Amino acid sequence: MIMSGKTLYDKLWEDHLVHLNPDGSSLIYIDRHLVHEVTSPQAFEGLRLAGRKPWRISSILAVSDHNVPTKSRELGIEDPVSRLQIETLDQNCRDLGITEFDISDPRQGIVHVIGPEQGATLPGMTVVCGDSHTSTHGAFGALAFGIGTSEVEHVLATQCLTQAKSGNMRVTVNGNVGPGVSAKDIVLAIIGRIGTAGGTGYAVEFSGEAIRSLSMEGRMTVCNMAIEAGARSGVIAVDDKTIDYIRGRPFAPVEDQWPAAVTAWRKLHSDADAVFEREVQFDAPSIQPQVTWGTSPEMVVPVTGKVPDPDSAANRVNRDSMKKALEYMGLRPGLAMTDIHLDRVFVGSCTNSRIEDLRVAADVIRGRRVAANIREALVVPGSGVVKRQAEQEGLDRIFMEAGFEWREPGCSMCLAMNADRLEPGERCASTSNRNFEGRQGYGGRTHLVSPAMAAAAAVAGHFVDVRTF
Amino acid sequence: MEAFQRIHSRVVAMDRANVDTDAIIPKQFLKSIRRTGFGPFLFDEWRYLDRGEPGMDCTDRPLNPDFELNQPGCEGAEILLVGQNFGCGSSREHAPWALQDYGIRVLIACSYADIFYNNCFKNGLLPIVLTKEEVDRLFQEATSSDYRLKIDLESQTVIMPNGDCLNFSVDGSRKYRLLNGLDDIDLSLQYSDQIREYESKRRKHAPWLFRELLPL
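Chains as they are written, first to last, in our numbering: chain A, 3 to 471; chain B, 43 to 258.
Here it is in structure tokens:
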């Protein structure tokens with residue numbers, strides 16, 4: 003038998019294998035456990051009820067993000083349920099000695115933004131969090147995936163998880179995208195083609211020239227949405243950009259460990275003869291700015307396109323789901339995407355709230371005004387660090403002069419667990435990751451786009467092709 | 043987790059199919075930060091005539107006299123006999139938490155929703171699967187409040203009042219866990235030495251992964 007090479011995922015998996023169970027599942031070691039206020043309280047309670055202690059405190063970094071208010075923080079948290087969840091996380095971290103960026107910490111932000119930003123996410127790690135968008139951290143050549151509350155407790159108690167290995171899938175994006183086309187457009191185009199179950203059961207490696215050309219922030223955007231293609235984890239090979247990004251971050255390897263770390267990280271790529279069970283190829287130059295029209299991320303077309311006709315669907319199930327989505331979205335088939343008018347614009351979320359996202363959006367709106375029909379345009383930076391960086395660059399002034407609100411960091415309108423939400427029937431251009439019914443507020447209508455497209459839509463009042471705007 | 047003993051208990055029969063996790067524990071209770079205390083709110087919308095909210099005192103709430111759990115003699119029942127596809131809908135673990143907190147230890151049905159079924163074992167509940175004929179027979183018999191069944195997990199049998207035995211199957215490792223009161227964490231902790239050994243090797247080869255995340 004000829005031994006084929008290993009994929010990056012194979013290498014990461016084998017490197018973390020503690021015990022192989024008779025039933026084929028494995029006990030794998032977890033290097034980094036990110037914790038937030040919504041999925042952790044019962045896990046901490048379970049630990050206490052069983053009289054257990056966390057296995058390795060130094061593996062844990064905690065932050066409140068889902069529920070936090072994005073304005074008037076000095077007034078405290080109005081919603082009692084949100085306040086209780088946040089205070090509970092604070093208390094649990096104090097009791098156990100866990101490092102937490104609390105709501106007053108200048109580093110507080112979205113868990114998937116602060117991990118990489120602080121150097122708490124490193125290549126070769128296993129990274130877990132009670133949040134499905136943990137796939138984000140795979141951009142660093144880490145094995146990163148979301149877990150449930152029982153598993154949060156399991157990792158706290160054992161530093162391990164019992165998992166079945168996924169299959170290997172590779173998505174290769176050949177060539178380079180044109181100007182005005184971003185990481186968000188690449189990943190939306192991928193989901194549009196392979197569907198929201200296209201990666202189910204696989205760890206997806208993103209590769210090809212277009213992926214290598216992306217900055218680390220762009221790669222995070224792509225891996226962030228791997229879960230929207232059904233894959234629990236997405237990974238990207240380590241290269242010079244990965245290493246340059248990490249250098250000098252607060253929790254990055256100390257100087258005398260740096261050379262050994264870099265040597266180890268350089269091996270984090272798939273072997274040339276590695277075999278993937280599923281391969282998909284994309285042609286980057288043909289990818290255009292994307293806009294979703296429905297209630298699933300796979301319901302997406304180029305901005306130059308039209309709202310599709312359910313009668314053109316391949317089968318009855320698809321037709322019915324398209325009809326249902328169009329009804330919810332209040333759209334009719336054949337409408338040009340650029341004729342869709344908006345009520346709100348949201349720039350933020352773990353997908354698109356990093357400094358480069360804000361720079362791109364600010365570039366589009368510089369010297370322009372938010373259209374009169376836009377009731378609210380929000381910029382919610384991904385972290386306190388991102389916010390201060392943007393302010394140093396004067397981006398906050400560009401946004402505010404254009405009529406955007408400049409907020410404090412958090413998940414905000416991505417999932418409407420705090421006060422930032424759509425009213426029933428309101429239509430939003432959003433840089434977030436999910437356009438499910440009610441995701442941004444009961445009855446709210448979400449269109450997923452890149453930061454540049456969201457900014458252009460804010461100025462125009464409807465979707466426009468940012469390449470010609 | 044408490045070890046699963048032989049159970050001899052009265053039975054509450056709920057002849058409803060497709061009972062979803064929203065019915066078992068409505069969504070307003072998901073805001074809780076606890077995994078205990080859901081028992082008084084189990085089947086809240088069916089059990090009470092008013093709308094339940096987290097944290098409310100249920101002692102004086104108006105009970106729905108028609109609901110199965112509110113029938114005389116049902117207090118303290120540990121066995122719930124239910125219709126097919128019990129536990130469908132959302133994956134919330136609050137559903138088994140609520141059943142467990144109420145005092146239910148055994149469910150009997152001809153089928154369950156997949157995720158709910160798995161979640162039961164994680165939380166010390168035994169979901170027994172019997173054939174449709176067997177379940178129908180139990181529904182016919184379990185009409186009086188003094189109807190009791192014995193559940194013997196060791197021999198995998200449901201023993202009826204007349205001595206008849208109904209056999210059920212259960213995955214070996216799950217049975218072992220329930221009988222010994224082991225949860226998934228206990229099982230993994232059986233490999234503590236291996237975890238420690240792995241960890242010390244890793245600390246040696248990749249010490250940067252073990253850096254303390256101290257306040258700056």
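Backbone N, C-alpha and C define an ideal beta-carbon position, used for all residues, glycine too.
On a predicted model such as this, the values are computed, not experimentally measured, just so you know.
Contact list for residue i against chain B, beta-carbon separation under 7 Å
i	result
A/V83	K73
A/L63	L255
Whole-angstrom C-beta distance between residue j and residue i, which should lie under 8 Å
i	j	result
B/L191	B/L168	In fact, because the Cβ distance is near 12 Å, the residues do not count as touching under 8 Å.
A/F477	A/R172	No information on residue 477 of chain A is available, as it lies outside the stretch 3 to 471 that chain A covers here.
A/R251	A/Q120	6 Å
A/E428	A/D345	4 Å
A/V347	A/A228	Not quite, the Cβ-Cβ distance comes to about 25 Å (not below 8 Å), so this is no contact.
A/T9	A/E211	With 8 Å as the limit, A/T9 and A/E211 do not qualify as a contact, their Cβ atoms being about 19 Å apart.
A/G117	A/S134	Rounded, the Cβ-Cβ distance is 15 Å, inconsistent with contact.
A/L424	A/G443	4 Å
B/G166	B/L84	Between B/L84 and B/G166 the Cβ distance is about 15 Å, and since that is not below 8 Å, they are no contact.
Cross-chain neighbours of residue i in chain A, by beta carbon under 9 Å
i	result
B/A140	Residues of chain A passing the Cβ test: none, with the nearest at roughly 13 Å.
B/R76	P43, Q44 and E47
B/I237	V20, H21, L29, Y31, W57, T160, Q161 and C162
B/L111	Under the 9 Å cutoff, chain A gives no residues; its nearest Cβ is about 24 Å from B/L111.
B/N164	A small correction: the amino acid at residue 164 of chain B is Lys; Asn does not occupy that position in the sequence shown. Under the 9 Å cutoff, chain A gives S152.
B/E135	Q44, G150, T151 and S152
Neighbour list for residue i in chain A, Cβ cutoff strictly below 8 Å
i	result
B/E241	Y31, R58 and Q161
B/D226	S152, H156 and T164
B/L231	A159 and T160
Proximal residues of chain A, C-beta to C-beta of residue i below 7 Å
i	result
B/R245	In chain order: nothing, as chain A lies at least about 10 Å away.
B/F252	S60
B/P249	Q259
Residue span of the beta strand (DSSP E) that contains residue i, given as start and end
i	result
A/Y204	Y204 to S209
A/A262	Taken as a continuous stretch (DSSP letters only), A/A262 belongs to no beta strand (DSSP E), being part of the alpha helix (DSSP H) at W260 to W267.
A/E119	Premise fails: A/E119 lies in the alpha helix (DSSP H), V113 to Q120, not in any beta strand (DSSP E).
A/L397	No beta strand (DSSP E) contains A/L397, which is instead part of the alpha helix (DSSP H) from L397 to A404.
A/K55	Premise fails: A/K55 is in no beta strand (DSSP E) and is neither H nor E.
B/H136	Here B/H136 belongs to no beta strand (DSSP E); instead the alpha helix (DSSP H) covers H136 to Y144.
B/I49	I49 to M56
B/L224	From DSSP, B/L224 is part of no beta strand (DSSP E); its letter is neither H nor E.
A/R447	R447 to L450
Assigned exposure category for residue i - 16 Cβ within 10 Å defines buried
i	result
A/R234	buried
B/K69	exposed
B/Y218	exposed
A/L190	buried
A/D33	buried
B/H136	buried
A/C416	buried
A/A45	buried
B/E239	exposed
A/M402	exposed
A/T244	buried
B/P203	exposed
A/P383	buried
B/S27	As displayed, chain B neither begins before 43 nor continues past 258, which places residue 27 of chain B out of reach and without an answer.
For residue i, the first and last residue of its enclosing alpha helix (DSSP H)
i	result
A/H139	Element bounds for A/H139: n/a, residue is neither H nor E.
A/C225	M218 to N226
A/T90	P82 to L98
B/N161	D156 to K164
A/K8	First-last for A/K8: undefined, no H or E at that position.
A/Y1	Nothing can be reported for residue 1 of chain A: it is not among the residues displayed for chain A, which extend from 3 to 471.
A/M455	P453 to A462
The ligand PLP heavy atom lying under 7 Å from the CB of residue i
i	result
A/L19	The ligand PLP is not part of the structure shown, which contains no ligands of any sort.
- Task: Quick one: which residues of the region 29-49 of chain A get their C-beta closer than 7 Å to a C-beta of chain B? List them in chain order.
- Result: For the region 29-49 of chain A, the set of positions with a beta-carbon nearer than 7 Å to some beta-carbon of chain B reads L29, Y31, D33, P43, Q44, E47 and G48 in chain order.
- Message: Along the region 245-269 of chain A, where does the CB come closer than 9 Å to a CB of chain B? Name the residues.
- Response: For the region 245-269 of chain A, the set of positions with a beta-carbon nearer than 9 Å to some beta-carbon of chain B reads P252, F253, A254, P255, V256, Q259, W260, A262, A263 and A266 in chain order.
- Residues of the region 121-145 of chain A with a CB closer than 8 Å to any CB of chain B: list them in chain order, please. Per Cβ criterion, the list reads A122, L124, G126 and M127.
- Query: In chain order, what residues of the region 85-103 of chain A put their CB closer than 7 Å to some CB of chain B?
  - Reply: When CB distances to chain B are screened at a threshold of 7 Å, the residues of the region 85-103 of chain A falling below it are L86, Q87, T90 and T101, in chain order.
- Query: If you measure beta-carbon to beta-carbon, which residues of the region 7-19 of chain A are closer than 7 Å to chain E?
  - Reply: Absent here is chain E; the protein component of the structure consists of chains A and B.
- Scan the region 169-201 of chain B for residues whose Cβ lies nearer than 9 Å to a Cβ of chain A and list them as they occur along the chain. Look at the region 169-201 of chain B: it has no residue with a C-beta under 9 Å from a C-beta of chain A.
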